[in-house]
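K.L.:
Sharing a structure, written as structure tokens. Questions coming.
In our numbering, the protein residues as written are 1213 to 1280.
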């Protein structure tokens, strides 16, 4: 799946109203990277996978976002 499709499908918001994906200001388009899978654990994250930073009982996923 193309990252742009994933962003549209999950209603990606970053300085944009809900339902409107923010465009990349450099080329005025959404990223065209291929997503080959998803992960919530940076220890098992592979190149091409999309990382979801989830909060758990003991850890906050956002702490690992930069590492991902």
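For glycine and all other residues, C-beta sits at the position ideal for the given N, C-alpha and C.
On the DSSP letters alone, give me the boundaries of the beta strand (DSSP E) that residue 1263 sits inside.
P.N.:
Residue 1263 -> beta strand (DSSP E) spans 1261–1263.
K.L.:
Quick one: what does DSSP say residue 1314 is sitting in, helix, strand or coil?
P.N.:
Residue coverage of the chain in this structure runs from 1213 to 1280, which leaves residue 1314 outside it and unanswerable.
K.L.:
Rounded to whole angstroms, what is the Cα-Cα separation between residue 1278 and residue 1265?
P.N.:
Residue 1278 and residue 1265: Cα-Cα distance of roughly 10 Å.
K.L.:
Skipping 5 residues on each side, what residues in its chain have a beta carbon closer than 7 Å to that of residue 1218?
P.N.:
Answer for residue 1218: 1247, 1262, listed in chain order.
K.L.:
Per DSSP, what are the beta-bridge partners of residue 1249 in this structure?
P.N.:
Its beta-bridge partners are 1261.
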